[in-house]
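Residue numbers (my numbering): 2 to 180.
We treat Cβ as the ideally placed atom computed from N, Cα and C, and that holds for glycine.
Being a predicted model, the structure only gives us computed values, none of them experimental.
Only one structure is covered here, and it is reproduced in the block below.
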Amino acid sequence: MKWIFPLCIIAAPAIADVCPPVTDHTERLSEIVTELGLARGEGDARVLTQELWSLWTDAPDDLAQAMLDEGMSRRSSFDFLGARTVLGRLVEYCPDYAEGYNQRAFASYLSQDFEAALVDLDRTLELVPNHIAALSGRALTLMGLGRHEEAQDVLRSAVEMNPWLQERALLIEPIGTDL
Numbered sequence: 002m003k004w005i006f007p008l009c010i011i012a013a014p015a016i017a018d019v020c021p022p023v024t025d026h027t028e029r030l031s032e033i034v035t036e037l038g039l040a041r042g043e044g045d046a047r048v049l050t051q052e053l054w055s056l057w058t059d060a061p062d063d064l065a066q067a068m069l070d071e072g073m074s075r076r077s078s079f080d081f082l083g084a085r086t087v088l089g090r091l092v093e094y095c096p097d098y099a100e101g102y103n104q105r106a107f108a109s110y111l112s113q114d115f116e117a118a119l120v121d122l123d124r125t126l127e128l129v130p131n132h133i134a135a136l137s138g139r140a141l142t143l144m145g146l147g148r149h150e151e152a153q154d155v156l157r158s159a160v161e162m163n164p165w166l167q168e169r170a171l172l173i174e175p176i177g178t179d180l
């Protein structure tokens, strides 16, 4: 019985109707990014970041949400191939839902398939340009590819949006400048 639910999630896009439109959170996302830039401390930033995640992971319908949750669960259990498969079905079903790509990128990154991660991160950022986690993930992926200068530029963009971003510790101060 345990295998039926994951099997349904994997097969569901083949039998489901089209994905409904993605909820437009653009205005609230922009407000939160602005608030993050003004946050006085890490605690405030953490609360705002949680709100970002609740918006990013707000899937278009129950089927998409189930696929996202299953993919994230598989990734958390180190089943990266299973996660990528389920999240691949999600992006096939909902090609305009950025978080499907972002989560698949994370699973690819953890599998050290940096090229695949980069493709999905770029698509995430096309759909949601101020997706701070995708920017941060893109910086880490570029580091994995040995593209350190480009990674630093991307990471700086992410830190500009969220000065409390944990990955800020990876910034290397250019000679003659002050972070």
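Extent of the continuous alpha helix (DSSP H) run through residue i
i: TYR110; result: 99-111
i: LEU82; result: 81-94
i: ASP25; result: That residue, ASP25, is in no alpha helix (DSSP H); it is neither H nor E in DSSP.
i: LEU171; result: Taken as a continuous stretch (DSSP letters only), LEU171 belongs to no alpha helix (DSSP H), as it is neither H nor E.
i: ALA65; result: 63-77
Sequence-distant residues of the same chain with beta carbon closer than 7 Å to residue i, five excluded per side
i: PHE115; result: THR142, GLY145 and LEU146
i: ALA46; result: LEU37, ALA40, ASN163 and TRP165
i: LEU69; result: THR58, ALA60, LEU91, GLU100, GLY101 and GLN104
Reduced DSSP secondary structure (H/G/I, E/B, other) of residue i
i: LEU30; result: helix
i: ASP114; result: coil
i: SER158; result: helix
i: THR50; result: helix
i: ILE176; result: Because ILE176 carries a pLDDT of 49, less than 50, the predicted location of this residue cannot be relied on, and no value is offered for it.
i: ASN163; result: coil
i: ASP45; result: helix
i: THR58; result: coil
i: GLY38; result: helix
Sequence-distant residues of its chain with Cβ nearer than 8 Å to residue i (five each side left out)
i: SER31; result: ASN131
i: GLY89; result: ARG105
Close Cβ partners of residue i (< 6 Å) along its chain, the five nearest in sequence each way excluded
i: GLU43; result: TRP165
i: ALA117; result: SER109
i: VAL34; result: ASN131 and MET162
i: ASP62; result: PRO21
i: VAL160; result: LEU166 and ARG169
i: ILE133; result: ALA159, MET162 and ASN163
i: ALA135; result: ASN103, LEU122, THR125 and LEU126
(message) Quick test of the definition: if touching needs 3 or more C-beta pairs under 8 Å, does the region 57-75 touch the region 83-101?
(response) Taking one beta carbon from each stretch, the region 57-75 and the region 83-101 have 3 or more pairs nearer than 8 Å; the two touch.
(request) Indicate whether the contact test is met: 3 or more Cβ pairs, each with one atom in the region 101-114 and one in the region 19-27, closer than 8 Å. (result) no
(message) Please give me, in chain order, every unbroken run of the alpha helix (DSSP H) with length at least 4 that falls completely inside the region 114-145.
(response) Within the region 114-145, the runs of alpha helix (DSSP H) at least 4 residues long that lie entirely inside it are, in chain order, 115-128 and 133-145.
(message) Contact between the region 51-66 and the region 150-159 is defined here as three or more beta-carbon pairs at a separation below 8 Å; is this criterion met?
(response) no
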